[in-house]
Amino acid sequence: MIERTYHLNRIKRLLRDNPVVLLLGARQVGKTTLAKQVAGQWTGSCHIFDLERPRDLARLSEPELALEPLEG
38 MIERTYHLNR IKRLLRDNPV VLLLGARQVG KTTLAKQVAG QWTGSCHIFD
88 LERPRDLARL SEPELALEPL EG
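Set out below in C-alpha cells:
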C-alpha cells in the first residue's frame, strides 16, 4: 500500500473545518481506500458515498434526502 500520511492529515484538517469533504480523482487511484482510512481514524461521525456503488449514486440523485439524516 502507498503511504499517504500527507493526504490523510490534509483530509482530517479539512474535516475539522468543513462538514463535507469530496475526494475527486480518476478511477482506481485509491480515493475509497483513503476515505476508509480517514473514517477508521476519525472520532466524529463519518459517512462515505462511493459513486461506483449504484445504491449510493441513486441516493445522491436527491441530495437533500440523502444528506438529511447525517449529522456533522
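In terms of our numbering, the sequence shown opens at residue 38 and continues consecutively.
Ideal Cβ placement from N, Cα and C applies to all residues, glycine included.
Everything numeric in this text was worked out from a predicted model, so none of it was measured.
Host alpha helix (DSSP H) of residue i (start-end)
i	result
HIS84	First-last for HIS84: undefined, no H or E at that position.
PRO56	It is not in any alpha helix (DSSP H) - PRO56 carries neither H nor E in the DSSP assignment.
VAL111	One cannot answer for residue 111 here, as it falls past the ends of the chain, which runs 38 to 109.
ALA103	100 to 104
ARG92	91 to 96
Collapsed DSSP secondary structure at residue i in the structure displayed
i	result
ARG41	coil
ARG64	coil
Cβ neighbour criterion (16 or more within 10 Å) applied to residue i
i	result
ILE85	exposed
Contact between the segment 74 to 82 and the segment 92 to 105 (3+ Cβ pairs under 8 Å): Flag = no, the segment 74 to 82 and the segment 92 to 105 do not touch.
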